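Per the working numbering, the very first residue in the sequence shown carries number 4; after that it's consecutive. All residues carry an ideal CB built from backbone N, CA and C; glycine is no exception. Just so we're clear, the structure is a prediction, and the values are computed from it rather than from any experiment.
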Amino acid sequence: MRNPSGGSGIDVDRLGDRLAALAELAPVGEFGSCRLALTDADKAGRDLLCRWMEDLALEVRIDVVGNIVGVWTAGATEPGLDPVLCGSHLDTVATGGRYDGAYGVVAGLEAIETLAARGLRTRRPLAVAAFTNEEGARFTPDMMGSLVHVGALTAEAALAAADEDGVTVGEELARIGYLGVWPAPARPPFAFVELHIEQGPVLEHEDVVIGAVTGVQGISWQELTFVGQSNHAGTTPMGLRRDPAYAMARVATFVRELAAELGGRQVGTVGRVLMHPNLVNVVPAWATMTVDLRNTDADTLAEAEGRLAVFAAEVAEAEHLEVSSQSLVRFDPVAFDPAMVDLVEATARRRGLSTLRLPSGAGHDAQMLARVCPTAMIFVPSHRGLSHNPAEHTEPAHLAAGADVLLDVLTDLAGR
Ligand code: HGY
Ligand code: MN
Ligand code: MN
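Pasting the structure below:
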């Protein structure tokens, strides 16, 4: 299909075929995929990416935490200059769609393949990255690979991170053959551009094709644990219970009410709950719950965290429970370089595409790269705002438009 965004753009069928090939390595439902970080499915995706990179004669670099960077040195007239980096991640949540992460990586390959096919070169090298464990669904923190890449997390700390079975990142990287030797932190690229699906409803609702992302909201992940007294469900009077499930339920309701009260862009999610012994006729001994709080405003996010801590302590005291909390992830809001946001917006408009400026509700590797170089994100619409869901969908015309804008932005930056 000729590129519907006009102009001689990328090959959207080839891009779609690669996204399908990745999703079908570990399908979930008709369109989704489960490639949890460092599993065999993630390895299969990594292997496929490396093969595509080698086919494009990119120099493939695997670093000490398994970040994959393919550098198109042959495409540069001045190959010694710092590259313009694009990319995203290949790992997914357990019920992932086929676009989250993979789209930004495959579109980066598409940009290089399109330029190479036309015999075009750029002053600076172009490079494409697939960062390790962006999702944080198996190992925390999320955005782990890009954090190490920019020097905000040591490789040692990342390699020691363990999943709920006690298996470490280092053990899994060695097992799947992606414990690389390229050092971290890496030398910062000249600039970084991440193309990604919006994963929310705004662009579709506003009937806009390209999002010029202004930044990423702050993220707070914590795990609360309530310890009570396991007892018989039938013989224990209600007034004598020390029931951690009750506290967990009260906190889950509080998270929803707090987000509503704070309003604005405040969101709160209880995504994972564990209880022990988790049996129908036993008052639980303990309950753990994760709480994901996010806001574009740093002060309001801190207020939400403080209010949650007070409420959890009050509920625990009233129910005679012990309560503890562990911070899993904490990132302040990030604002992207205004000149880079302007570049995305102007480039999309030059292609006659509608644009809108908006912050990202989801976390992204770009929020880490923004610490070391001028960084931009390009969004395309998510149908019905769905993501982290196998039904995640983006129209081919929008996939093509986003990849064309990426191609143009990369070409512009690589000429500087
Ligand atoms: O949680 C996030 O926002 C990202 O998908 N890791
Ligand atoms: Mn993502
Ligand atoms: Mn995601």
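Is residue i close to ligand 3? I mean its beta-carbon at under 7 Å from any heavy atom of the ligand.
i	result
D103	yes
E395	no
E435	Absent from the structure is residue 435, since the part of the chain shown begins at 4 and ends at 419.
H391	yes
Cβ of residue i within 7 Å of any heavy atom in ligand 1?
i	result
D94	no
D145	yes
E226	no
G271	no
G139	yes
Note the first and the last residue of the continuous beta strand (DSSP E) segment covering residue i.
i	result
W185	Counting along the chain, W185 falls outside any beta strand (DSSP E), and DSSP gives it neither H nor E.
T472	Nothing about residue 472 can be read from this structure; the chain reaches only from 4 to 419.
P341	From DSSP, P341 is part of no beta strand (DSSP E) but of the alpha helix (DSSP H) over P341 to R353.
E226	G221 to V230
L331	E325 to F334
L88	V87 to H92
L359	T358 to S363
G271	V270 to T272
L277	V276 to H279
Could you tell me whether the Cβ atoms of residue i and residue j are closer together than 8 Å?
i	j	result
V383	G405	yes
V151	V270	no
V332	I222	yes
H92	F134	yes
M380	E197	yes
E207	H386	yes
L389	E395	yes
P362	T293	no
I200	Y102	yes
V286	D246	yes
A110	L18	yes
H391	V96	yes
L413	V87	yes
V153	A250	no
D415	T350	yes
A248	A290	yes
M324	V211	First, the residue type needs correcting, since residue 324 is Leu and not Met in the sequence shown. In this structure, V211 does not lie closer than 8 Å to L324 by Cβ.
F195	T358	no
A447	A60	As shown, the chain starts at 4 and ends at 419. That puts residue 447 outside it, with no answer to give.
Q370	V205	no
A425	A158	The chain is shown only over 4 to 419; residue 425 falls outside these bounds and no answer can be derived.
R21	L84	no
L41	E138	no
G203	G104	no
D368	S149	yes
L410	T117	yes
A301	D335	yes
Shorter than 7 Å, the distance from the beta carbon of residue i to the closest heavy atom of ligand 2, or not?
i	result
A365	yes
E201	no
S91	yes
Considering residue i, what are the terminal residues of the alpha helix (DSSP H) in which it resides?
i	result
E260	P247 to L265
L409	P399 to A417
E201	Careful: E201 lies outside any alpha helix (DSSP H) and carries neither H nor E.
G83	From DSSP, G83 is part of no alpha helix (DSSP H); its letter is neither H nor E.
A24	V15 to A26
M371	A369 to L372
What whole-angstrom Cβ distance do residue i and residue j have, given they're in contact under 8 Å?
i	j	result
G78	I115	7 Å
A26	F34	7 Å
A315	S330	13 Å between Cβ atoms; not a contact.
A215	V347	4 Å
E62	T80	So it is not a contact: roughly 16 Å between Cβ atoms.
C376	P192	5 Å
I65	A132	The pair is not a contact, with the Cβ atoms about 11 Å apart (cut-off 8 Å).
K100	P393	One detail in the question is off: residue 100 reads as Gly in this sequence, not Lys. Rounded, the Cβ-Cβ distance is 6 Å, consistent with contact.
T217	R360	5 Å
M146	A161	No, M146 and A161 are not in contact; Cβ-Cβ is about 11 Å, not under 8 Å.
A130	V74	4 Å
N136	D94	6 Å
T303	G274	About 21 Å; that fails the 8 Å criterion.
Under 8 Å between C-beta atoms, does residue i make it to chain D?
i	result
E317	As a matter of chain content, chain D is missing from the structure shown, which is built from one protein chain.
**Report entry** Ordered list of beta strand (DSSP E) runs contained in the stretch 37-81, each at least 3 residues
**Finding:** Listed in chain order, the complete beta strand (DSSP E) runs (minimum 3 residues) inside the stretch 37-81 are 62-65 and 71-75.
Query raised in the report: Residue ranges of each alpha helix (DSSP H) run of no fewer than 4 residues wholly in the stretch 286-313, ordered along the chain?
Result: Correct list: empty.
Report task. Could you pull out every unbroken beta strand (DSSP E) segment of at least 3 residues lying fully inside the stretch 102-186, listed in chain order? Result -> For secondary structure counted as the beta strand (DSSP E) over 3 or more consecutive residues, the stretch 102-186 holds these complete runs in sequence order: 129-134.
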